[in-house]
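To start, the structure under review is shown below, and the notes come after it.
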Amino acid sequence: AIFLATQAQAAGATENPIIAAAQQAETELNARVGLAIHDTGSGNSWQYNADERFPMTSTFKVLACGALLARQDVGDEDLSRQVPISQSDLVTYSPVTETWVGQDISLAALCDATLRTSDNTAANKVLEALGGPDAVTTFLRSMGDEVTQLDPWETELNEATP
109 AIFLATQAQA AGATENPIIA AAQQAETELN ARVGLAIHDT GSGNSWQYNA DERFPMTSTF
169 KVLACGALLA RQDVGDEDLS RQVPISQSDL VTYSPVTETW VGQDISLAAL CDATLRTSDN
229 TAANKVLEAL GGPDAVTTFL RSMGDEVTQL DPWETELNEA TP
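Everything in the sequence shown is counted per this note's numbering, starting at 109 for the first residue and increasing by one.
Here it is in structure tokens:
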């Protein structure tokens with residue numbers, strides 16, 4: 109949102125600077141851009157290509173940790189539970205978990221690594237604790253999201269074709 113607001117100012121758009129910034133980013137990046145912004149303070153909302161589907165890539169990590177927190181809230185999980193990290197668990201870009209090989213780490217620490225550093229192995233361990241990617245989709249359905257779906261694990265979900 110900060111990027112888009114900055115781009116909106118640079119675009120000099122007066123009628124709808126956020127949408128103009130999204131369009132400008134789309135042109136400059138030669139890519140499809142989508143956004144949905146809701147300002148909880150003012151109640152204003154902006155959407156651009158919001159009805160199109162986009163690969164989730166690392167955005168799923170917030171949802172996976174949210175699903176884990178929801179399980180903690182109802183007593184179905186304990187974020188202090190320790191899980192082992194083995195060499196075979198490691199996937200590319202795992203700056204935190206690569207230092208934990210051969211040790212146990214808490215689910216809370218895994219969510220922290222997932223959200224702060226986008227650690228891919230930590231994200232997979234969170235998915236593992238949930239029961240796999242389908243558990244994130246199930247969580248989203250329970251929250252009223254009938255569209256979003258998570259299928260692959262890290263790092264396969266970083267590849268997508270339109």
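A virtual CB, placed ideally from N, CA and C, is assigned to each residue, including glycine.
Residue nearest to residue i in terms of C-alpha spacing, selected from the options
i, options, result
"T256", "A129, R161, H146, T135", "R161"
"H146", "N138, Q155, R140, A139", "Q155"
"A243", "S150, Q211, A175, L143", "A175"
Where residue i sits in the DSSP three-state scheme
i, result
"D186", "coil"
"A139", "coil"
"D253", "coil"
"T263", "coil"
"D333", "This structure cannot settle anything about residue 333, because the visible part of the chain is limited to 109 through 270."
"P192", "strand"
For residue i, the first and last residue of its enclosing beta strand (DSSP E)
i, result
"S250", "Here S250 belongs to no beta strand (DSSP E); instead the alpha helix (DSSP H) covers 241-250."
"Q155", "153-156"
Segment limits, alpha helix (DSSP H) that includes residue i
i, result
"D220", "215-225"
"Q180", "168-181"
"L238", "228-238"
Buried/exposed call for residue i, threshold 16 Cβ in 10 Å
i, result
"D259", "exposed"
"D227", "buried"
*asked:* For the segment 245-255 against the segment 211-227, do three or more pairs of beta-carbon atoms, one drawn from each stretch, fall closer than 8 Å, so that the two count as touching?
replied: At 8 Å Cβ cutoff, the stretches do not touch.
*Report yes or no: do the segment 185-202 and the segment 165-173 share at least 3 C-beta pairs separated by less than 8 Å?*
The segment 185-202 vs the segment 165-173: no contact.
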